[in-house]
Each structure stands twice: as structure tokens, then as C-alpha cells.
């Protein structure tokens with residue numbers, strides 16, 4: 001789960017990590033009031049969306065008067081911001097963060113992520129702040145310092161020294177400050193079950209202080225149960241409404257832009273099904289994993305969500321029953337055709353636990369539009385053919 | 001022969017008396033797995049499914065001689081359960097539970113390694129040696145005995161792969177579902193050499209997916225150490241970047257971890273890479289019929 005910049009900065013402040021003063025607003029009027037309260041003389045008006053690259057996309061701008069704050073708030077609030085992380089469709093800006101302008105001497109980069117190879121958190125830092133870190137990694141990898149921190153020993157002095165020297169910080173006072181900054185950040189990462197924290201830029205001010213000018217934070221979804229304060233920060237308006245709706249029924253759904261709706265059990269088989277469709281010349285309309293506890297209701301819900309997509313010309317149901325019993329899925333499909341108007345061909349391949357029983361159930365139900373696939377390859381081929389021949393609803 | 005587990009493996013179940021633990025323990029026993037007891041705190045002394053229940057893993061190990069534990073405890077207690085098993089002298093813990101916090105698994109795996117305990121999972125279907133021992137939640141009937149070893153991150157693709165191999169007239173030695181979480185126990189690079197050393201395994205099927213670089217590491221190992229033929233499929237060639245596809249590990253960020261990159265590395269290592277899981281069975285048949 002990701003949170004907004006303004007929320008990340010609230011979390012930083014709790015851990016005594018320096019951030020500029022700022023106020024989150026949802027209207028132009030409140031933006032001006034917030035700016036007055038902060039006092040100026042310089043403000044930054046920042047779009048709050050869950051994506052990086054906001055500055056380049058025109059979502060972060062500097063204001064030197066209250067009039068400018070008002071004009072910029074007007075411009076940014078309600079705009080559809082397109083960045084390299086939003087995709088071409090962009091994201092609607094519904095929240096702004098009005099922030100005190102900072103005295104920037106130079107810009108650094110600092111992040112904490114899980115290193116899956118080392119199986120421990122990794123602190124990553126660079127003197128090249130304010131830039132896309134992927135570009136820095138590609139063009140000047142020597143400018144990135146990486147410091148794995150084993151949680152069993154925690155953040156030690158030597159980690160701090162590696163960081164300070166890695167960032168070419170020679171002033172002893174500044175060394176102390178950056179080490180303390182990173183130490184608090186690591187503590188936050190561990191205590192709050194963060195998955196990723198990125199500060200880009202982390203600025204050094206003229207006075208030699210270090211401030212988090214931006215903050216991106218993602219959390220381990222599996223740990224949200226024990227992090228109620230973080231869980232409460234979830235902003236559903238930033239997520240795809242269909243994905244949110246699907247999740248309520250234990251379905252994992254991701255929309256794609258093809259024509260063949262997919263309903264599969266298990267993430268791996270779901271991806272494998274999409275790959276097979278693609279390989280046979282078709283295009284998958286979605287990823288949908290019905291999970292291990294699929295029943296008639298969840299299957300019906302899955303059909304409903306898939307059919308909302310007007311591009312869908314056929315649905316391929318591919319189930320390999322382990323714990324999931326195929327007869328239940330078959331009943332679910334019959335149930336779905338009663339509740340929802342299934343107006344495209346449905347190709348069904350059921351294998352594994354109770355597959356013979358399921359075949360009998362489907363045969364007896366006599367559903368129009370229903371085509372049986374014998375195995376994965378046969379089912380996918382029939383789905384691709386059905387979608388290509390589909391004449392309209 | 002087989003790898004990891006066989007008909008003599010003595011198994012306990014952590015989370016034995018819970019709904020999931022009970023259901024699957026019963027299925028495993030019906031398959032032939034030698035389940036010798038289970039652990040549920042405060043239920044020690046009871047008999048469940050005809051087997052003794054213990055309060056602690058240490059007690060269970062001392063009194064039953066178990067060397068393997070199948071873990072079904074709720075997600076928030078998985079880390080604790082794994083560490084308890086490690087200190088009690090369990091040699092292999094198979095963690096079925098889905099949704100364990102990554103931080104807990106990180107600490108638990110480090111502790112397991114320190115105590116010399118192997119782990120499989122979490123969030124996986126488990127391990128099965130055909131006709132001998134099933135430790136997990138897979139449908140036992142599709143795994144017929146044979147000479148193909150199988151390793152997979154995905155549960156249902158394990159079933160799909162095994163089913164195709166068996167439908168072509170071949171069978172499975174041992175199948176291991178390693179799980180797709182960011183931190184997992186045994187992976188390709190530990191299991192591939194086990195299959196290489198197993199005289200009954202003549203061909204290996206390896207199923208991977210997008211995210212991370214375990215398959216790239218595996219490609220390197222295969223090139224250097226594995227002489228047996230390997231068939232591989234990587235799921236997620238059509239997955240969009242940056243999206244989580246169910247498995248927490250299947251996130252593609254930047255260029256690292258794409259299906260294409262993994263498929264090319266495996267092909268370069270001499271692996272027969274198929275573009276669709278529907279072709280796994282045929283590829284195995286081609287190799288074993290030579």
C-alpha cells in the first residue's frame with residue numbers, strides 16, 4: 001500500500017526526521033488560507049497523487065505571492081497529471097500540499113528498500129538527488145552507494161560512516177546530522193513494516209541541515225493488520241475502482257487492454273493463461289485470480305467485473321482445481337449466467353478435483369454460448385477463435 | 001529415490017487443530033504421509049485425528065522424533081512458528097500459510113539458517129514425493145510416480161505442469177512449490193542440485209515468474225552444474241510493468257526481473273524454454289522419448 005507525500009511527511013515528523021512545514025488542502029480557497037498560515041515568502045504547490053515524476057509533469061510549482069498560490073492551485077487542482085509512472089491516462093489531482101519553500105544548497109537521494117537477494121533492508125544513497133534514480137543507476141552507477149543493514153544487528157556506526165563518506169560529506173557536524181537522519185529512517189522502516197521509502201530530493205540547506213523535501217512510502221500489505229495508523233492512510237480514490245471492488249470478494253483483478261476476459265485460479269496460472277492467449281494471437285482483457293476459496297458468489301462477481309469492460313469479446317475460465325473444487329466452479333458459472341447477462345461466448349476448462357462431476361453439471365445446464373475446452377491449450381485456442389469471430393452483443 | 005521427503009519422513013503439523021491444519025493434515029495422512037503429531041499451544045495432551053497434540057515443537061520433536069514440520073498457523077504467527085521449529089531441531093519446515101509479513105519472514109529465515117533448518121515457502125502448495133509423502137495442499141491424485149522433478153513458484157502451475165507430464169505417460173519424482181513471496185526458503189539453486197543428485201530424476205521442469213532474479217541465478221547454476229535436461233516456463237510475459245499480479249514477488253520494476261530477460265538467460269544456459277505452460281508436457285515428452 002502506498003501513501004501520499006503529505007502523509008509520508010507526517011510519518012517522518014513523528015520520527016523526528018526534518019521536513020518543511022506544509023498543509024494538505026482540497027480546494028483553491030483552502031490553499032490560499034494554508035499559504036497565509038505558513039507565512040511565506042515562498043511556497044511550493046504540490047499535486048498529491050501516488051506516482052513519481054510529478055515535477056516534470058507540471059504538478060509541482062513554486063509561488064512567490066499569495067496570488068501566485070491561488071493561480072497555481074487553480075491550475076493544478078483538478079488537472080490530469082501524466083508522469084512516467086502514471087501511464088498515458090494520467091491521474092486526476094484531488095489534493096494539494098502547500099509547503100514552505102526551502103533554502104536548497106544541494107540535492108541528495110536516500111532510500112530504504114528490501115534487497116531480495118541479500119534478504120535484508122538496503123539503504124541506497126546518492127549525491128545525484130532530484131533526478132530519476134533509475135537513470136543515475138544506468139549512467140553513473142558509481143554515484144550510488146548501497147549499504148545493506150542486517151536487522152539482527154540494526155543500524156550501526158559503520159553503516160552511518162559508509163553513508164556519510166559515500167555522500168562526500170566532510171563536515172563533522174553535517175556527518176552527525178545525516179547519520180542521525182538515516183538512523184531514524186531505518187527505525188521507521190523496520191517499525192512500520194515499510195516496503196520502500198524514498199526521499200528524492202533530500203536537501204542540504206545553506207545552514208547545513210538535512211531536510212526531506214519529498215517522501216514516497218510503500219508498506220507491506222501483509223503487515224497492515226498490525227499497523228492500524230498506516231492502514232488508515234489508505235486513499236481508495238488513488239486505486240482502480242474495479243480492483244478495489246474485486247478485492248472485497250477475495251478476487252485479485254488487474255485490467256489490461258485486450259479482448260479476452262480471463263478467470264483463473266492462482267496467480268501463476270492466471271499469468272500463464274494470459275501468456276498462452278497472447279502466444280496464440282489473442283489479447284487478454286484482464287488478470288483475474290479467483291483465489292483458493294472460490295464459490296458461486298465470487299465466480300458470479302468475477303463475471304460481472306469482467307463484463308463491465310466493453311472491449312471483452314469472450315471469457316476464458318481456466319481452473320485447475322486443487323483445493324478449489326471444479327463442481328463448485330461449474331455451479332458458480334451457472335449461477336452467474338442467471339444473475340448477469342453473459343452476452344459473450346464463455347470457454348470453460350475445468351481440470352483437477354471433481355472435474356468429471358463439473359463436466360456433467362455444465363452439460364446438463366445447457367447454457368448457450370458455453371464452449372468446453374479440453375485442456376489449457378485447447379481452451380485458449382477456442383477463446384482466441386471465439387473472440388475473433390464475435391459479431392457483437 | 002526422491003528429494004527432501006519420502007515415505008519414512010516423520011512429520012508434525014504446527015497449527016494442527018485449526019480448520020485448515022486439520023483438513024489438510026487429514027488429506028496428507030490419507031495420501032500416506034507419516035504424520036506423527038501436531039502442535040497447538042494449550043491443547044497439549046489431546047488426541048487429534050488419532051495423533052498426539054503437543055504444546056511446543058520441542059516437546060513434539062523429543063517424543064515423536066519428527067524431522068519435518070508443516071506450518072498452517074495464521075499469518076501473524078508464522079515467523080514465531082518457524083523460529084520455534086528451528087530451535088527445536090526440525091530439519092525442514094514447509095510453510096503453507098499465505099500473507100506472512102515480509103519482516104517476520106526475513107528474521108525467521110535468518111534464524112532458520114543459523115540453526116541449519118531448511119524452509120520451503122511461505123505461501124506455497126508444499127512438497128510432494130509421488131506415492132510416498134505429501135506435505136502441503138496439492139491435489140495428490142495428479143502426481144503419478146515417475147522420473148521428472150518439478151520446481152515452481154506458482155501453486156496451480158505446479159498442478160498444471162505435473163498433470164501434463166503425467167498425461168504424456170510420464171510421472172513425477174518430487175514436486176516442490178517454493179512460493180512467490182519476496183523472501184522464500186529453498187529456491188531453484190538449492191533444489192536443482194538435489195534433482196541432479198537424485199538417480200531417479202531424469203528431467204527437471206522449472207516454472208518461474210516475473211520479478212526478482214532467482215531464475216537468472218538458476219540459469220547460471222544450470223550452465224555450470226546441471227547435466228540433466230531442464231524444461232522451463234516463465235509466467236508473466238504479458239504482465240504490465242509495476243503491477244502486482246497476486247504474488248507479492250511478481251513486481252516488475254525497471255528492466256530487472258522481466259520474463260524476457262529470464263527466458264533468454266535460461267535459453268542461453270541450454271534450457272528448453274516454452275512460451276506457454278500448455279507446452280510443458282510436450283517438451284518433456286520430446287526430451288524423454290529421445
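Residue numbers (this note's numbering), protein chains in the order written: chain D, 1 to 393; chain Z, 1 to 290. Think of the CB as a built atom: it goes at the ideal place given N, C-alpha and C, for glycine as much as any other residue.
Close-in-space but distant-in-sequence residues of the same chain around residue i (CB under 8 Å, 5 per side omitted)
i	result
residue 196 of chain D	111, 112, 113, 114, 216, 217, 218
residue 198 of chain Z	1, 2, 3, 149, 173, 174
residue 121 of chain D	112, 113, 114, 115, 148, 149, 151, 186, 189, 190
Contact check, residue i vs residue j, beta carbons under 8 Å
i	j	result
residue 386 of chain D	residue 329 of chain D	no
residue 69 of chain D	residue 35 of chain D	yes
residue 145 of chain D	residue 129 of chain D	no
residue 21 of chain Z	residue 13 of chain Z	yes
residue 261 of chain D	residue 283 of chain D	no
residue 164 of chain Z	residue 280 of chain Z	yes
residue 238 of chain Z	residue 275 of chain D	yes
residue 210 of chain D	residue 18 of chain D	yes
residue 205 of chain Z	residue 271 of chain Z	no
residue 265 of chain D	residue 291 of chain D	yes
residue 254 of chain D	residue 278 of chain D	no
residue 83 of chain D	residue 51 of chain D	yes
residue 147 of chain Z	residue 171 of chain Z	yes
Extent of the continuous beta strand (DSSP E) run through residue i
i	result
residue 233 of chain Z	230-235
residue 133 of chain Z	133-136
residue 286 of chain D	286-289
residue 68 of chain D	Here residue 68 of chain D belongs to no beta strand (DSSP E); instead the alpha helix (DSSP H) covers 66-76.
residue 347 of chain D	346-352
residue 62 of chain D	60-63
residue 99 of chain D	96-100
Cβ-based neighbour list, residue i, same chain, cut-off 6 Å, excluding 5 preceding and 5 following
i	result
residue 208 of chain D	174
residue 78 of chain D	none
residue 184 of chain Z	178
residue 123 of chain Z	98, 179, 181
residue 55 of chain Z	41, 44
residue 382 of chain D	347, 371, 373
residue 255 of chain Z	At residue 255 of chain Z the pLDDT is 46, less than 50, meaning the model places this residue with poor confidence and gives no usable figure here.
Opening and closing residue of the alpha helix (DSSP H) in which residue i lies
i	result
residue 4 of chain Z	No alpha helix (DSSP H) holds residue 4 of chain Z; DSSP gives it neither H nor E.
residue 195 of chain D	Per DSSP, residue 195 of chain D belongs to no alpha helix (DSSP H); it is in the beta strand (DSSP E), 194-205.
residue 212 of chain D	Taken as a continuous stretch (DSSP letters only), residue 212 of chain D belongs to no alpha helix (DSSP H), being part of the beta strand (DSSP E) at 210-212.
residue 135 of chain D	133-139
residue 30 of chain D	28-38
residue 160 of chain Z	155-167
residue 263 of chain Z	259-268
residue 385 of chain D	376-389
residue 276 of chain Z	Counting along the chain, residue 276 of chain Z falls outside any alpha helix (DSSP H), and DSSP gives it neither H nor E.
residue 253 of chain D	It is not in any alpha helix (DSSP H) - residue 253 of chain D instead sits in the beta strand (DSSP E) that spans 252-255.
residue 269 of chain D	267-279
Residue i in three-state terms, based on DSSP
i	result
residue 63 of chain Z	helix
residue 203 of chain Z	strand
residue 311 of chain D	coil
residue 144 of chain Z	coil
residue 49 of chain D	coil
residue 43 of chain Z	coil
residue 317 of chain D	strand
residue 114 of chain Z	helix
residue 229 of chain D	helix
residue 36 of chain Z	strand
residue 363 of chain D	helix
residue 125 of chain Z	coil
residue 106 of chain D	strand
residue 56 of chain D	coil
residue 175 of chain Z	strand
Neighbourhood of residue i by C-beta distance below 7 Å, restricted to the same chain and skipping five residues each side
i	result
residue 337 of chain D	367
residue 361 of chain Z	What is shown of chain Z runs 1 to 290, which leaves residue 361 of chain Z out entirely.
residue 61 of chain Z	88, 89, 90
residue 159 of chain Z	138, 139, 142
residue 220 of chain D	193, 195
residue 250 of chain D	291, 293, 298
residue 167 of chain Z	281
residue 7 of chain D	233
residue 322 of chain D	352, 353
Closer than 8 Å to chain A by CB, residue i
i	result
residue 268 of chain D	Looking at the structure shown, chain A is missing, and the protein chains on hand are D and Z.
Residue i beta carbon near the ligand COA (any heavy atom closer than 7 Å)
i	result
residue 138 of chain Z	For the ligand COA, the structure offers nothing, since it holds no ligand at all.
*Which whole runs of the beta strand (DSSP E) in the segment 109-186 of chain D are 3 residues long or more, in chain order?*
120-126, 144-148
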